[in-house]
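Using my numbering, you'd call the opening residue of the sequence shown number 1 and step up by one each time.
For every residue, glycine included, the Cβ atom is placed at its ideal position computed from N, Cα and C.
Only a predicted model underlies this, so the values are computations on that prediction, with no experimental measurement involved.
Beneath this line is the structure, given in structure tokens, with notes to follow.
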Amino acid sequence: MKIKNAIFLDRDGTLNEGIIKENVDNFKLRPPHNNKELHIYKDIAILNSFTDNFCLFIITNQPDIKKGFQTEEFNNYINLSISNIIPITKIYTCFCLETDPGCNCYKPSPGMILNATKEFNINIKNSFCTVFLNNFLVSG
Ligand SMILES: [Zn+2]
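Quick look at the structure:
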């Protein structure tokens, strides 16, 4: 199998606007929960110019589904809307809670990156990862 390079993309706050919800636990950026909140960044189309040399992966924590703040359907709709703009090789999602025991995929754990690397024969040394903006904390 040919060895490929990858760009690992965070979703909420990187590809689409993340939402600050004061009613949801700890002020982390949340995913949009409905159409009104969904704003995909126009600039992501630039990623199309990298697809000759890189596979694009989304790696995303989505605990809001388990918490009941987000539906699986809308989560899929966000993914589909992004995939219509840039060709995503695969979307890896951790549906666990940060506190779930035995989860090795909730970022910053590397589980999702390691799975993609194995599954698609990715050369990790020549690959890139976006900053995890959803760990952004709001003060005050
Ligand atoms: Zn997980």
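In terms of alpha-carbon separation, which member of the options lies closest to residue i?
i      : options                          : result
Pro144 : Ser127, Gly68, Ile44 and Ala45   : In the structure as shown, the chain starts at 1 and stops at 140, and residue 144 therefore has no counterpart that could be examined.
Lys42  : Glu17, Lys66 and Asn126          : Glu17
Glu98  : Lys66, Ile113 and Ala116         : Lys66
Asp166 : Asn61, Asn53, Pro110 and Leu114  : Summary: the structure shown does not reach residue 166, with the chain confined to residues 1 through 140, and so no result is reported for it.
Ile40  : Gly102, Ile124 and Gly13         : Gly13
Ile82  : Thr71, Phe54, Leu47 and Ile122   : Leu47
Ile20  : Ile124, Leu38, Lys125 and Pro101 : Leu38
Which same chain residues end up closer than 8 Å to residue i when comparing Cβ atoms and leaving out the 5 residues on each side of it in sequence?
i      : result
Ala45  : Ile85 and Ile86
Gly152 : Look at the range of the chain in this structure, 1 to 140, and you will see that residue 152 is not part of it.
Ile7   : Leu47, Phe50, Phe54, Cys55, Leu56, Phe57, Ser127, Phe128, Cys129 and Thr130
Is the beta carbon of residue j closer than 8 Å to that of residue i?
i     : j      : result
Thr93 : Phe120 : no
Phe74 : Asn34  : yes
Go through its chain and collect everything with a Cβ distance to residue i's Cβ below 6 Å, but skip five positions before and after it.
i     : result
Ile91 : Ile58 and Asn79
- Residues with a Cβ closer than 6 Å to any heavy atom of ligand 3, in chain order? Absence of ligand 3 is noted for the structure shown, with ligand 1 being the only ligands found.
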